[in-house]
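Undergrad:
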Amino acid sequence: MSDSDDRRLGMDRVITRRDFMNGSAMVIGASLLPRLPESDSFNRQEPQNQSGYYPPTSTGMRGSHPGSFEAAHSLRDGTFWSSAAEPVNTGEVYDLVIVGAGISGLSAAYFFRERMGKSARVLILENHDDFGGHAKRNEFHLGGKQQLLNGGTLLIDSPTPYSEVADGLLKKLGVNPPEFEQKFADDTLYHSLGLRSAVFFDKDTFGEDRLVVGTPGGGWSEEGLGQAKPSESAWREFLKRTPLPPQVQNDIVRIQAGKVDYMPGLSSAEKKARLCKMSYRDFLLNVAKTDPGVIPFYQRRTDGEWGVGIDAEPALDCWALGLPGFQGMGLKPGSAPHMSYSAAGYANGSSYRFHFPDGNASIARLLVRELIPDAVPGHTAEDIVTAQVDYGHLDVEGAPIRLRLNSTVVRVQNISPPASAKEVEITYATGKQAFRVRAKGCVLACWNMMIPYLCPDLPESQKEALHYLVKVPLIYASVGIRNWTCFQKLGIQSVSSPGSYWSDVSLNWPVNIGDYRSPTSTDEPILLHLSRAPNKPGLPAREQHKIGRYEILSTPFEVFERNIRDQLARTLKDGGFDPAHDIEAITVNRWPHGYGYEYNPLFDPDWPEDQRPNVIGRKQFGRITIANTDSAATAYTDTAIDQAYRAVSELMGI
Ligand SMILES: Cc1cc2nc3c(=O)[nH]c(=O)nc-3n(C[C@H](O)[C@H](O)[C@H](O)COP(=O)(O)OP(=O)(O)OC[C@H]3O[C@@H](n4cnc5c(N)ncnc54)[C@H](O)[C@@H]3O)c2cc1C
Numbered sequence: 042m043s044d045s046d047d048r049r050l051g052m053d054r055v056i057t058r059r060d061f062m063n064g065s066a067m068v069i070g071a072s073l074l075p076r077l078p079e080s081d082s083f084n085r086q087e088p089q090n091q092s093g094y095y096p097p098t099s100t101g102m103r104g105s106h107p108g109s110f111e112a113a114h115s116l117r118d119g120t121f122w123s124s125a126a127e128p129v130n131t132g133e134v135y136d137l138v139i140v141g142a143g144i145s146g147l148s149a150a151y152f153f154r155e156r157m158g159k160s161a162r163v164l165i166l167e168n169h170d171d172f173g174g175h176a177k178r179n180e181f182h183l184g185g186k187q188q189l190l191n192g193g194t195l196l197i198d199s200p201t202p203y204s205e206v207a208d209g210l211l212k213k214l215g216v217n218p219p220e221f222e223q224k225f226a227d228d229t230l231y232h233s234l235g236l237r238s239a240v241f242f243d244k245d246t247f248g249e250d251r252l253v254v255g256t257p258g259g260g261w262s263e264e265g266l267g268q269a270k271p272s273e274s275a276w277r278e279f280l281k282r283t284p285l286p287p288q289v290q291n292d293i294v295r296i297q298a299g300k301v302d303y304m305p306g307l308s309s310a311e312k313k314a315r316l317c318k319m320s321y322r323d324f325l326l327n328v329a330k331t332d333p334g335v336i337p338f339y340q341r342r343t344d345g346e347w348g349v350g351i352d353a354e355p356a357l358d359c360w361a362l363g364l365p366g367f368q369g370m371g372l373k374p375g376s377a378p379h380m381s382y383s384a385a386g387y388a389n390g391s392s393y394r395f396h397f398p399d400g401n402a403s404i405a406r407l408l409v410r411e412l413i414p415d416a417v418p419g420h421t422a423e424d425i426v427t428a429q430v431d432y433g434h435l436d437v438e439g440a441p442i443r444l445r446l447n448s449t450v451v452r453v454q455n456i457s458p459p460a461s462a463k464e465v466e467i468t469y470a471t472g473k474q475a476f477r478v479r480a481k482g483c484v485l486a487c488w489n490m491m492i493p494y495l496c497p498d499l500p501e502s503q504k505e506a507l508h509y510l511v512k513v514p515l516i517y518a519s520v521g522i523r524n525w526t527c528f529q530k531l532g533i534q535s536v537s538s539p540g541s542y543w544s545d546v547s548l549n550w551p552v553n554i555g556d557y558r559s560p561t562s563t564d565e566p567i568l569l570h571l572s573r574a575p576n577k578p579g580l581p582a583r584e585q586h587k588i589g590r591y592e593i594l595s596t597p598f599e600v601f602e603r604n605i606r607d608q609l610a611r612t613l614k615d616g617g618f619d620p621a622h623d624i625e626a627i628t629v630n631r632w633p634h635g636y637g638y639e640y641n642p643l644f645d646p647d648w649p650e651d652q653r654p655n656v657i658g659r660k661q662f663g664r665i666t667i668a669n670t671d672s673a674a675t676a677y678t679d680t681a682i683d684q685a686y687r688a689v690s691e692l693m694g695i
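Count the sequence shown with the numbering used here and you get residues 42 to 695, in order.
As structure tokens, this is what we get:
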């Protein structure tokens with residue numbers, strides 16, 4: 042792109058994107074602080090104890106922000122110990138150290154204290170500058186008003202009902218999802234303004250840029266299994282306005298109408314047995330015999346759920362997700378053998394559903410308030426939304442529960458042979474300085490593929506199993522815009538962009554809870570959510586994830602920003618959107634290690650339960666146990682909680 046294109050897009054504009062409070066600036070800033078003598082309370086030097094430390098308002102590159110992963114990567118590459126200073130023994134001894142302050146790690150602290158009582162001494166170590174893990178809060182102040190968005194996990198929902206343990210924890214935190222959904226979610230605002238879903242067809246993929254408003258059925262995400270399907274004529278009218286050739290339009294109408302049984306003469310079980318062995322792409326091309334021009338229209342429909350497109354997802358799983366083409370095939374409701382965790386769950390039903398304005402970051406904040414009340418003001422699940430966390434209170438000497446940020450754990454070792462171990466030594470690093478603490482037990486609530494590097498003494502078979510799980514890379518961008526009159530002019534609230542860099546663009550979903558109010562006037566600033574699942578269609582799913590992870594880590598912020606500006610300019614141009622003038626703030630949450638990996642029936646063996654890599658990988662090792670959603674081989678809040686409960690129970694011999 043030329044300099045004048047960049048100027049037109051506003052790449053030179055001063056916005057809140059690379060301010061001095063971004064993650065790396067805070068960590069670097071802290072390393073320049075004078076070091077206190079060792080005997081002094083060393084934690085006073087921690088970045089989180091510096092005044093003004095408030096990561097939720099940091100913009101620019103978030104998610105796995107600069108400064109959060111370098112120590113881990115150098116441990117993986119075998120260079121950490123040669124460049125790190127000799128670890129300092131802090132002299133601290135705890136009942137439990139937890140690695141990872143995501144929902145699983147915070148839940149583990151909660152369950153441990155529930156069993157051990159209020160005097161239990163727990164240290165939680167987290168490599169990022171904020172707690173919550175994927176439950177990341179993006180907080181903006183636009184036009185003087187607080188606006189929130191999820192930087193990672195959004196919904197309290199799951200393919201299966203929440204377990205007694207996970208539901209019980211939500212209840213103890215004061216969260217009642219069905220009641221909250223009724224009371225606080227505003228499903229009517231955009232509808233009342235006449236805003237609908239749309240598809241943006243881009244020039245590179247479809248020959249011309251064209252926004253087509255009024256996706257039948259309200260857009261992809263609302264097309265669940267068993268939902269009423271829009272009529273054939275609605276699809277025909279919509280497709281007529283697209284740049285798709287007539288044959289492609291006809292085939293899409295046929296797929297959407299779903300009147301054909303493509304496997305006549307077979308029972309439902311026989312059809313399911315075939316559909317679980319072919320990709321949805323192959324189903325469309327080889328079974329439904331559509332024109333190949335249909336594929337780009339559907340290719341990214343599974344990106345949001347599994348991080349790969351329809352080339353790498355079984356047709357049967359796509360049926361369970363509600364993708365079209367199966368309605369005439371007489372498939373009986375319910376799961377079948379060889380389905381992914383999510384698809385099997387969706388085929389049988391799913392859990393309740395609610396989202397806080399900052400997504401599940403509110404759950405993380407509620408947990409922190411339970412554990413360290415001085416750090417988070419307020420008393421209810423409603424007032425948590427606008428509460429200002431005092432990060433300086435998270436790691437206070439003498440407090441029973443301490444949460445230490447910017448601290449990457451690099452070694453976890455039983456202090457005698459695992460079978461007889463009574464204590465664990467944990468080494469963590471902040472920058473190049475390493476520190477040691479001891480504990481009676483340790484829960485690794487961190488990303489499972491990191492564990493072989495932390496515990497090189499683990500049995501080889503367990504390390505191999507842990508390495509099998511390749512997390513799913515994802516990018517969520519939060520963009521603050523001056524007003525949303527262009528969305529009103531165009532009559533849109535969300536746009537699917539099957540061929541563009543960002544696959545989805547949407548206005549923030551309105552929810553009004555506690556003192557928090559979503560924007561209601563189109564003249565007010567608002568936040569947009571954009572998402573991208575980087576992948577490489579045609580390869581096995583785990584290979585696609587590895588390539589996507591590399592893409593995320595090697596993409597500079599400037600490239601994300603240019604793609605945001607360019608895509609919004611092209612999508613919203615007929616509404617009068619000017620990216621140089623209208624964009625006020627940008628945060629890119631990159632998750633090279635995103636969703637926990639779910640076994641994919643197209644590529645993974647159908648192991649018996651006890652031989653699954655996640656089950657072998659999560660085995661207790663002396664005084665060390667393993668939590669995190671990776672241990673469940675899936676990626677939902679309820680499983681993060683359930684795995685924490687199991688890991689704590691194992692440690693306590695329950
Ligand atoms: C973009 C995105 C969207 C999602 N949306 C949803 C959703 O809508 N609903 C839902 O239920 N789930 C969603 N998920 C899944 C989400 O992963 C889980 O729900 C849950 O939040 C995971 O919690 P966790 O504690 O197991 O893992 P994490 O949140 O990943 O927390 C683990 C923490 O351990 C830290 N860590 C790793 N290694 C170390 C180390 N060596 N030292 C110190 N700390 C370490 C990590 O940095 C991380 O902060 C989403 C995930 C992503 C990435």
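Glycine included, C-beta positions come from ideal geometry on N, C-alpha and C.
Tell me whether residue 217, by its Cβ, gets closer than 8 Å to a heavy atom of ligand 1.
TA: The answer is no for residue 217.
Undergrad: Would you say the beta carbon of residue 669 comes nearer than 8 Å to a heavy atom of ligand 1?
TA: At least one heavy atom of ligand 1 is nearer than 8 Å to the Cβ of residue 669, so yes.
Undergrad: With 16 other CB atoms within 10 Å as the buried threshold, where does residue 274 fall?
TA: Its Cβ having fewer than 16 others within 10 Å, residue 274 is exposed.
Undergrad: Could you check the C-alpha separation between residue 315 and residue 344 for me, to the nearest Å?
TA: About 23 Å.
Undergrad: Nearest to residue 128 by CA position, among 476, 365, 221, 390, is which residue?
TA: Selected option, being the one with the closest Cα: 476.
Undergrad: Please tell me whether, using a cut-off of 8 Å, the distance from the CB of residue 432 to the nearest non-hydrogen atom of ligand 1 is below it.
TA: No, the Cβ of residue 432 stays beyond 8 Å of every heavy atom of ligand 1.
Undergrad: With respect to the alpha helix (DSSP H) encompassing residue 345, which residues constitute its N-terminal and C-terminal limits?
TA: 344-347 is the span of the alpha helix (DSSP H), which, as asked, contains residue 345.
Undergrad: Among 648, 677, 424, 322, which one has its Cα closest to the Cα of residue 337?
TA: The shortest C-alpha separation from residue 337 is found at 322.
Undergrad: Should residue 287 be labelled buried (16 or more other beta-carbon atoms within 10 Å of its own) or exposed?
TA: Classification of residue 287: exposed, given that the 10 Å Cβ count is below 16.
Undergrad: Sort out for me which residues DSSP pairs residue 630 with in a bridge.
TA: Looking at the DSSP assignment, residue 630 forms a beta bridge with 103, 517.
Undergrad: Hey, out of 682, 530, 692, 676, whose CA is closest to residue 346's CA?
TA: Here the closest residue by C-alpha is 676.
Undergrad: Report the rounded CA-to-CA distance for residue 505 versus residue 657, giving the unit in angstroms.
TA: Roughly 9 Å separates the two Cα atoms.
Undergrad: Please state whether DSSP places residue 606 in a helix, a strand or coil.
TA: Helix.
Undergrad: Identify which residue in 539, 594, 548, 86 has its Cα closest to the Cα of residue 245.
TA: The residue with the shortest Cα to Cα distance from residue 245 is 539.
Undergrad: Can you check DSSP and say which residues form a bridge with residue 466?
TA: Bridge partners of residue 466: 454, 479.
Undergrad: Do residue 446 and residue 432 come within 9 Å of each other at the CB atom, strictly closer than that value?
TA: Yes. Within cutoff.
Undergrad: Please classify residue 93: is it buried, with 16 or more other beta-carbons within 10 angstroms of its beta-carbon, or exposed?
TA: That one is exposed.
Undergrad: Can you give me the C-alpha to C-alpha distance between residue 507 and residue 348, rounded to a whole angstrom?
TA: Those two C-alpha atoms are separated by around 20 Å.
Undergrad: What residue range is occupied by the uninterrupted alpha helix (DSSP H) comprising residue 153?
TA: Residues 144-157.
Undergrad: Report buried or exposed for residue 683, applying the criterion of at least 16 other Cβ atoms within 10 angstroms of its Cβ.
TA: Classification of residue 683: buried, given that the 10 Å Cβ count is 16 or more.
Undergrad: Under 8 Å: does the beta carbon of residue 140 sit that close to some heavy atom of ligand 1?
TA: Result yes, Cβ under 8 Å from ligand 1.
Undergrad: Taking residue 383 and residue 200 to be in contact with their CB atoms under 8 Å, please state how far apart those CB atoms are, rounded to whole angstroms.
TA: About 5 Å; that satisfies the 8 Å criterion.
Undergrad: Less than 6 Å between C-beta atoms, sequence neighbours within five positions excluded: which residues of the same chain meet that for residue 112?
TA: Excluding positions up to five away in sequence, the list reads 449, 470.
Undergrad: Mapping the DSSP letters down to three states, classify residue 504 as helix, strand or coil.
TA: Helix at residue 504.
Undergrad: Tell me whether the beta-carbon of residue 230 lies closer than 9 Å to the beta-carbon of residue 551.
TA: A contact, by the Cβ cut-off of 9 Å.
Undergrad: Is residue 136 near residue 482, with beta carbons less than 9 Å apart?
TA: In this structure, residue 482 lies closer than 9 Å to residue 136 by Cβ.
Undergrad: Exposed or buried, what is residue 685 when buried is set at 16 or more other beta-carbons lying within 10 Å of its beta-carbon?
TA: Buried.
Undergrad: Apart from the five residues just before and just after residue 531, which ones in its own chain have a Cβ nearer than 6 Å to its Cβ?
TA: Taken in chain order, the residues that qualify are 616.
Undergrad: By DSSP, does residue 396 sit in helix, in strand, or in coil?
TA: In this structure, residue 396 counts as coil in the three-state DSSP scheme.
Undergrad: For residue 90, name the three-state secondary structure that DSSP assigns.
TA: Three-state DSSP puts residue 90 in a helix.
Undergrad: Within the continuous alpha helix (DSSP H) that includes residue 131, where are the two ends?
TA: That residue, residue 131, is in no alpha helix (DSSP H); its beta strand (DSSP E) goes 129-135.
Undergrad: What does the alpha-carbon distance come out to for the pair residue 690 and residue 467?
TA: Computed Cα separation, rounded: 20 Å.
Undergrad: In chain order, what residues of the same chain have a beta carbon less than 6 Å from the beta carbon of residue 130, not counting five sequence neighbours either side?
TA: Contacts found: 477.
Undergrad: In three-state terms, what does DSSP make of residue 444?
TA: In the structure shown, residue 444 sits in a strand (DSSP, three-state: E or B).
Undergrad: Excluding the 5 residues flanking residue 173 on each side, which residues of the same chain have their C-beta closer than 6 Å to its C-beta?
TA: Excluding residues within five positions, the ones whose Cβ falls inside 6 Å are 402, 405.
Undergrad: Do residue 179 and residue 97 come within 9 Å of each other at the CB atom, strictly closer than that value?
TA: Contact: yes.
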